[in-house]
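Below is one structure, written out as structure tokens; comments come after it.
Numbering (my numbering), first residue to last: 715 to 1098.
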């Protein structure tokens, strides 16, 4: 029997499209109409739906959510509010009421991504290769498939090469973020090629990081033949392929931002984000900000190292700040480890226009002063 996905009140003008997405994922859309005095907790009973969507015009939403959260079977169910557009005041009120995310009418692609997140599917299915492309050069087809499955789950599209010639062609034609190459293609040839790619005298040096795949008995020899502090990591050929995740995160992590360290300050505002080279827009809500980045509340967080473009209103400002950023931390729905942040993703800014940065930093400074003044007012008054 399919699990229900419940709409409280009006599901909106795109109900049919949402129903199709739910049915495709094995979920059953169900509408619940309520009247004044309706006790939703009694109506739902012991059901544990996949999600519950509240109409933005619903009366007493906060009270209904509080009652539903009292039920152990509903405590971990994601709650959403459906809105015609992302109005800052309306969304701030909805998050205060206790929703986990919001659905904008017509955002079909994001709704599909929400369904994927709820179903614990590969979250990047909703966005084709959000982290980008990598080149995987290995003569053994079985090993290519084994390694690429891990890369795929982490949001990468993999371009295969089975020979050194195919590797060179891929480097020339593919806009890759990293190269993974096995020494089985030819030990000395691979070592020479990596040294060439990391030689500071070469124009291409430092452009792409490399991961060398080699048998355990050759790792020490390889390490000794590599230059000091190159963008290169070594991976033991028979190791658990999940180790690639750690190495890729280390290699692709953005450099420290060129701004001073700054405190995070709570700030809630609608924000849109689009993967670099992507076409589908996603909606979120900022949770906190500092000079170097921000945290977005969303159930459709992207994999680590994904580069995205964000657009949002700065504190006390008009217009929109547009920035390029990279995902450096994420918390998925249901995660209990780590800090108490809501589900979402932490971003580090990579690039802002000078005018946008000036406006953003000015707004952040005013917001920080405001918060510090609040903190100061809570301190006890000195006595003589």
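Glycine residues also receive a C-beta, built at the ideal position from the N, C-alpha and C atoms.
Query                                                                                                                                                              : Result
Which value, in whole angstroms, describes the spacing of the CA atoms of residue 980 and residue 739?                                                             : 35 Å
Are the Cβ atoms of residue 796 and residue 779 separated by less than 8 Å?                                                                                        : no
Could you check which residue in 930, 1015, 1019 has the C-alpha nearest to that of residue 965?                                                                   : 1019
DSSP beta-bridge partners for residue 989?                                                                                                                         : 1022
If we count the other Cβ atoms within 10 Å of its Cβ and call it buried at 16 or more, is residue 1007 buried or exposed?                                          : buried
Just the C-alpha distance for residue 1076 and residue 1030, rounded to the nearest angstrom, thanks.                                                              : 9 Å
Using three-state DSSP, classify residue 720 as helix, strand or coil.                                                                                             : strand
Between the alpha carbons of residue 775 and residue 794, how many angstroms are there, rounded?                                                                   : 11 Å
Assuming residue 845 contacts residue 1017 (C-beta within less than 8 Å), just tell me the rounded distance between them.                                          : 5 Å
When DSSP labels each residue in this structure, what does residue 906 get in the three-state scheme?                                                              : helix
With DSSP collapsed to three states, give me the class of residue 934.                                                                                             : helix
Are the CB atoms of residue 763 and residue 819 nearer to each other than 8 Å?                                                                                     : no
Looking at C-beta atoms only, is the number of pairs between the stretch 950-963 and the stretch 926-935 that lie closer than 8 Å three or more?                   : yes
Quick check: what's the CA-CA separation for residue 722 versus residue 1009?                                                                                      : 29 Å
Which same chain residues end up closer than 8 Å to residue 742 when comparing Cβ atoms and leaving out the 5 residues on each side of it in sequence?             : 716, 717, 718, 719, 736
Can you name, in chain order, every residue of its own chain whose Cβ lies under 8 Å from the Cβ of residue 770, other than the five neighbours on each side?      : 795, 796, 797, 798, 804, 808
Checking 8 Å against the spacing of the C-beta atoms, do residue 875 and residue 884 come in under that value?                                                     : yes
So is residue 1068 buried or exposed if we call it buried at 16+ other beta carbons inside 10 Å?                                                                   : exposed
Thinking C-alpha only, which one of 902, 887, 759, 989 is nearest residue 1021?                                                                                    : 989
Classify residue 779 as helix, strand or coil using the three-state DSSP reduction.                                                                                : helix
Look at the alpha carbon of residue 1028 and the alpha carbon of residue 1056, and state the distance between them as a whole number of angstroms.                 : 21 Å
Is it the case that the Cβ atoms of residue 982 and residue 806 are separated by a distance below 8 Å?                                                             : yes
Go to residue 769, then tell me how far its alpha helix (DSSP H) extends in each direction, as first and last residue.                                             : Not the alpha helix (DSSP H): residue 769 falls in the beta strand (DSSP E), residues 765-769.
Rank 748, 882, 987, 1082 by C-alpha distance to the C-alpha of residue 1039 and give the top, closest one.                                                         : 987
Which stretch, first to last residue, makes up the beta strand (DSSP E) that contains residue 1036?                                                                : 1035-1045
Can you name, in chain order, every residue of its own chain whose Cβ lies under 8 Å from the Cβ of residue 747, other than the five neighbours on each side?      : 723
DSSP three-state label for residue 1003, please.                                                                                                                   : strand
Helix or strand or just coil, what does DSSP make of residue 896?                                                                                                  : strand
In this structure, how does DSSP classify residue 824 when only helix, strand and coil are distinguished?                                                          : helix
What beta strand (DSSP E) runs, 3 residues minimum, are completely inside the stretch 843-875?                                                                     : 846-851, 870-875
Find the nearest neighbour of residue 1033 within the set 1074, 822, 1011, 760, judged by alpha-carbon distance.                                                   : 1074
DSSP three-state call for residue 832: helix, strand or coil?                                                                                                      : helix
Starting from residue 950, trace the beta strand (DSSP E) both ways and give me its first and last residue.                                                        : 946-950
Short of 8 Å in beta carbon distance, which residues of its chain neighbour residue 853, apart from the five on each side in sequence? Order them along the chain. : 876, 877, 896, 898, 899
Under 8 Å Cβ to Cβ from residue 744, same chain only, skipping five residues before and after it: list those, please.                                              : 718, 719, 720, 721, 763
Quick one: Cα of residue 749 to Cα of residue 777, how far?                                                                                                        : 14 Å
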